[in-house]
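J.: Residue numbers (numbering that gives the first Met the number 0), protein chains in the order written: chain A, 0 to 163; chain B, 0 to 163; chain C, 0 to 163.
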Amino acid sequence: MSSPQANALSRWLSVHQFFATYADHLDHERFAQWVDLFDPSDCRYEVLSRENRDLGLALPIMGCFSHGMVRDRVAMLAKGVLTYRRDKLLRQVSNVQVRSAEADHLTASANLVVYQSSEEGVSSLYMVARYECELIEGPQGLQIRRMAVVVDSFGIDTMLAVPL
Amino acid sequence: MSSPQANALSRWLSVHQFFATYADHLDHERFAQWVDLFDPSDCRYEVLSRENRDLGLALPIMGCFSHGMVRDRVAMLAKGVLTYRRDKLLRQVSNVQVRSAEADHLTASANLVVYQSSEEGVSSLYMVARYECELIEGPQGLQIRRMAVVVDSFGIDTMLAVPL
Amino acid sequence: MSSPQANALSRWLSVHQFFATYADHLDHERFAQWVDLFDPSDCRYEVLSRENRDLGLALPIMGCFSHGMVRDRVAMLAKGVLTYRRDKLLRQVSNVQVRSAEADHLTASANLVVYQSSEEGVSSLYMVARYECELIEGPQGLQIRRMAVVVDSFGIDTMLAVPL
């Protein structure tokens, strides 16, 4: 196998694993570990509608524009300040794609569907979205420079309580 | 790593990327680019029920039996001749498998779930299906010789308007 | 590509293919072939709730603790002894992860969403769960030493009829 092919494979699997880890942390409410996936020196997390994204409107529904803001976001969850539904969430991440790879960063996308399950074991569709992100190679693997969650579903009041 | 293993990995990733690209084009209504995924010299696109597929009945619910028919199919969509719901669709493709690999073509399958989201941001399950296809190595990557969409859901009147 | 990287890629693809094959056998009701995925000398299949799993309670909702029990489980289905709904099921397996790899076995996980479709072609969400398993390298590829299906959905009376 030629080296470029080998690198492409290796890179794709890294990105796939990154998304699986990202989803796992959130599914199991390990919010501090989710924060650690962001680059401390420069990062951004935002939720925006597909419509605005397609129109090129940089108008997020919600945004954290620094590592401190990302950390504060979930600190509230850990401390129980926000009230939100105690449903279990499970994130299905599919269609993982490496869209470009530069020397110092790469861009990637994936489709996301989130399911919620009540304490009584009743499950339903919660959220349909797409991840579009810029990742850098950090000391412990890939880290987030920018994570945009482009949502098709936005009629959900609790959507912004728990990160997607 | 032995060369057959390396080839298998490389082939699988190509097929995975093919499905991700296929889904992206349709999710974003880039119909002309979807057409370009088909082999111009010989191709076929068809939607059939799982029941008929399992019984070996070659009776598609809908079929395009040449590149011209595939092109005409979506030309109508671009021109707005057909009326169909303006819901956003998102395709989750999973369980990607390379089922056989010959010198000049390969067969592959994947599971497909499509979600629809209204302009108000309300999402729901639209379609459950399975891709079964024959692909050839074209000048710009994999191209479709035959794409069968084997559907579990068929109580949907708009199903045949937009390609799956 | 370095050899550890190549091995990791190769191992991941094997596990991905294992889950795709596992899902395919069940989706198409090839129960005997599903049984063949278990290690005949020592295996275990169990369904447990996420809550019990997280609390470390080894209290399965259902369990088969030997190859004979796994075989007997689906023998009843093949013989039509159990009555269960004839819906078609389709399993979407995503977020496939190899969690550890030892010389003689590996552990893996994946997220599972099952959809049911009636004879009339109406589809709905059936089950949200997660596979957590221990696999060994058998003569014909990976085999199951232990398969735990950790379910978020458990308000489903027919859940235990057909394996997940």
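Quick reminder that beta carbons are idealized off the backbone N, C-alpha and C, glycines included.
Predicted model, so just to flag it, every value in this text is computed and none were measured.
#1: Applying the criterion that 16 or more other CB atoms from any shown protein chain within 10 Å of the CB defines a buried residue, is Ala5/B buried or exposed?
#2: For Phe153/B, count neighbouring Cβ atoms within 10 angstroms of its own Cβ and tell me buried if that reaches 16, exposed if not.
#3: Reducing DSSP to helix, strand and coil, say where Arg90/C ends up.
#4: Beta-carbon separation of Leu163/A and Arg129/C under 8 Å?
#5: Please list the partners that Gly154/B has in chain C, where partner means a Cβ-to-Cβ separation under 7 Å.
#6: Restricting to Cα atoms, I'd like to know which of Leu12/A, Ala7/A, Asp38/A, Pro3/A is closest to Ser93/A.
#7: Is Ser93/B close to chain C? Criterion is C-beta to C-beta, closer than 8 Å.
#8: Where DSSP assigns a beta bridge to Val113/A, which residues make up the other side?
#9: Helix, strand or coil for Arg29/C? Go by DSSP, reduced to three states.
#10: Within the 8 Å Cβ cut-off, does Gln139/C reach chain A?
#11: Using the rule of at least 16 other Cβ atoms within 10 Å of the residue's Cβ for burial, across every protein chain shown, is Arg49/B buried or exposed?
#12: So with Cβ pairs under 8 Å, would you call Ser114/A a contact of chain C?
#13: Under a CB-based cut-off of 8 Å, is Ser48/C close to chain B?
#14: Are the CB atoms of Leu58/B and Leu47/B nearer to each other than 8 Å?
#15: Going straight from the alpha carbon of Phe30/C to that of Ser65/A, what length do you get?
#16: If I follow the unbroken alpha helix (DSSP H) through Val69/A, where does it start and stop?
#17: Within 10 Å of its beta-carbon, does Ser40/A have 16 or more other beta-carbons around it, so buried, or fewer, so exposed?
#18: Here's the rule: buried if 16 or more other CB atoms are within 10 angstroms of the residue's CB, otherwise exposed. What is Gln91/C?
#19: Which residues, taken in chain order from the segment 9–21 of chain C, show a beta carbon closer than 7 Å to some beta carbon of chain A?
#20: With distance defined between alpha-carbon atoms, name the residue in Val150/A, Asp23/A, Cys42/A nearest to Ile143/A.
#21: Evaluate Gly55/B with the Cβ neighbour count: other Cβ atoms within 10 Å of its Cβ, from every protein chain shown; 16 or more gives buried, anything less gives exposed.
#22: Rounded to the nearest angstrom, what separates Ala107/C and Val34/C at their Cα positions?
#23: Grab me the residues of Leu159/A's own chain with a C-beta within less than 6 Å of its C-beta, minus the 5 sequence neighbours each way, in chain order.
#24: For Val161/B and His104/A, I'd like the C-alpha separation in whole angstroms.
#25: Thinking Tyr114/A and Val127/C are a contact (beta carbons under 8 Å), I'd like their distance in whole angstroms, please.
#26: If we ignore side chains and look at the alpha-carbon of each, how far apart do Cys63/A and Ser117/C end up?
#27: Following the continuous alpha helix (DSSP H) through Glu50/C, name the residue where it begins and the one where it ends.
#28: Whose C-alpha, out of Asp38/A, Leu134/A, Gly120/A, Ser123/A, is nearest the C-alpha of Gln16/A?
#29: Verify the CB distance criterion: does Leu89/A have a CB-CB separation below 8 Å to chain C?
#30: What is the rounded straight-line gap between the Cα of Gln96/B and the Cα of Ala19/B?
#31: Looking only at its chain, what residues have a beta carbon closer than 6 Å to the beta carbon of Gly137/C, apart from the 5 residues adjacent to it on each side?
#32: So Leu124/B contacts chain A; which residues on that side make the cut at Cβ distance below 7 Å?
#33: What residue range does the beta strand (DSSP E) around Gly120/A cover?
#34: If we ignore side chains and look at the alpha-carbon of each, how far apart do Leu25/B and Asp71/C end up?
#35: Can you grab the Cα-Cα spacing for the pair Cys132/A / Gly140/A, in whole Å?
#36: Would you mind working out which of Asp53/B, Asp23/B, Val73/B, Glu28/B sits nearest Tyr44/B, comparing C-alpha positions?
T.: Let's see:
#1: buried
#2: buried
#3: strand
#4: no
#5: Glu119, Gly120, Val121
#6: Leu12/A
#7: yes
#8: Arg90/A, Met126/A
#9: coil
#10: no
#11: buried
#12: In the sequence as presented, Ser is not what sits at residue 114/A; that position holds Tyr. Chain C, which has a Cβ nearer than 8 Å to the Cβ of Tyr114/A, makes this yes.
#13: no
#14: yes
#15: 52 Å
#16: 66–77
#17: exposed
#18: buried
#19: Trp11
#20: Cys42/A
#21: exposed
#22: 19 Å
#23: Met61
#24: 36 Å
#25: 5 Å
#26: 44 Å
#27: 49–53
#28: Leu134/A
#29: yes
#30: 13 Å
#31: none
#32: Leu124
#33: Element bounds for Gly120/A: n/a, residue is neither H nor E.
#34: 45 Å
#35: 15 Å
#36: Val73/B
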